Amino acid sequence: MHSSQTHMLFWSGDPSLGNKAAAVQQHTGFDMDTLSTYCVEGTSYMRSREEGKEEEEKEGEEEEKEEEEEDGGEEDKEEKKDESAVQKQQRPAWAPCFFYKADKEVYNYVGQEIVIRGGLDSYAGMIWPAALALCHYLDTHREQLSLMDKAVLEIGAGTGLLSVVAALLGAWVTATDLPEALSNLRANLNRNTRGRCRYAPQVATLSWCEDLERSYPTSVYRYDYVLAADVVYHHDFLDELLVTMKHFCKPGTTLIWANKVRYEADLTFTEKFKKAFHTSLLAEDGEMKIFMATCRE
Numbered sequence: 001m002h003s004s005q006t007h008m009l010f011w012s013g014d015p016s017l018g019n020k021a022a023a024v025q026q027h028t029g030f031d032m033d034t035l036s037t038y039c040v041e042g043t044s045y046m047r048s049r050e051e052g053k054e055e056e057e058k059e060g061e062e063e064e065k066e067e068e069e070e071d072g073g074e075e076d077k078e079e080k081k082d083e084s085a086v087q088k089q090q091r092p093a094w095a096p097c098f099f100y101k102a103d104k105e106v107y108n109y110v111g112q113e114i115v116i117r118g119g120l121d122s123y124a125g126m127i128w129p130a131a132l133a134l135c136h137y138l139d140t141h142r143e144q145l146s147l148m149d150k151a152v153l154e155i156g157a158g159t160g161l162l163s164v165v166a167a168l169l170g171a172w173v174t175a176t177d178l179p180e181a182l183s184n185l186r187a188n189l190n191r192n193t194r195g196r197c198r199y200a201p202q203v204a205t206l207s208w209c210e211d212l213e214r215s216y217p218t219s220v221y222r223y224d225y226v227l228a229a230d231v232v233y234h235h236d237f238l239d240e241l242l243v244t245m246k247h248f249c250k251p252g253t254t255l256i257w258a259n260k261v262r263y264e265a266d267l268t269f270t271e272k273f274k275k276a277f278h279t280s281l282l283a284e285d286g287e288m289k290i291f292m293a294t295c296r297e
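Counting with the UniProt record's numbering, you get residues 1 to 297 for the letters of the sequence shown.
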């Protein structure tokens, strides 16, 4: 894709696809350079240039038909509305409309434009589907789940999109990840929250299960909410992740975990998660689930 070319698209592919271009090609059958976009009732869909020409010709024919047969034209309009409704139903409610240009993605949550820069060289540089789902949930359930003036910890923050949204919603945020992810994480947080938030978000290193009581003593570090999105994927540290969740989720803390089920190990972890905490299902959309949990102690 040329750096000056912008595409509007819905992307809910997995990091395992390797990169966004591969994800688009897998879902559409076209590479990104041959795609253009159009809007139907405020939503954006992808099409090839060939499809665009065919559609324009079809629309011209339909206009002529409408002039000749007004009743038939009205029926065509109703059919288009039905098709548009079906298209909307086929994508998740949480899937955002965002702009992708070269090395950045532009989202809109909490009435703010959020510019996220990532990378294709690691999972931490990708926007994962569950992060989008949880951002949407927090943005649309502010009265039921208010983050205003709350202390919030995000584990596995990656690019920081979820932490940005939490900060814009009025939370005092600490975004954590491995050391190699912190530079980009910090840049994204600073870019999108400076001058917009009640509290400047913090960035900190957190390696799951490593010296937790020494690095984050429970007598000092207390959070109202712990957020985690798509932290369960194909890796060998699920036991360490659960220990980390239990360390931070003490009495008075609510853990919110969003996850898209991909592997059998995801289901195994979910069962362990339910045994470790008092849990409830906040939202569900196919394989996407958002859990709320509190400690059993």
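For each residue, glycine too, the CB sits at the ideal point set by N, CA and C. All values derive from a computational prediction rather than experimental measurement.
Distance from the CA atom of residue 183 to the CA atom of residue 160, rounded to whole angstroms, is 11 angstroms. Residue 190 is bridged by DSSP to nothing; it lacks a bridge partner. Under the DSSP assignment, residue 133 falls in the alpha helix (DSSP H) whose first and last residues are 129 to 140. Taking a 10 Å sphere around the C-beta of residue 233, we find 16 or more other C-beta atoms and assign the residue as buried. A straight line joining the alpha-carbon of residue 171 with that of residue 237 spans about 28 angstroms. In this structure, residue 226 and residue 253 form a Cβ contact; the two beta carbons are roughly 6 angstroms apart against a cut-off of 8 angstroms.
Taking C-beta atoms under 8 angstroms as the contact rule, residue 224 and residue 151 qualify, at a distance of about 5 angstroms.
A direct Cα-to-Cα measurement between residue 117 and residue 243 gives close to 30 angstroms. Fully contained in the segment 150 to 223 are the following beta strand (DSSP E) runs of length 3 or more, in chain order: 151 to 154, 172 to 177 and 202 to 205.
Excluding the 5 residues flanking it on each side, residue 196 has same chain C-beta neighbours closer than 7 angstroms at 112 and 168, in chain order. Around the CB of residue 268, fewer than 16 other CB atoms lie within 10 Å, so the residue is classed as exposed. Assigned with DSSP and collapsed to three states, residue 285 falls in strand. Within a 10 Å sphere around the beta-carbon of residue 148 sit fewer than 16 other beta-carbons, which makes this residue exposed. The beta-carbon distance between residue 205 and residue 250, rounded to whole angstroms, is 21 angstroms. This is too long to meet the 8 angstroms contact definition. The C-beta distance from residue 203 to residue 189 rounds to 6 angstroms, short enough to fall under 8 angstroms.
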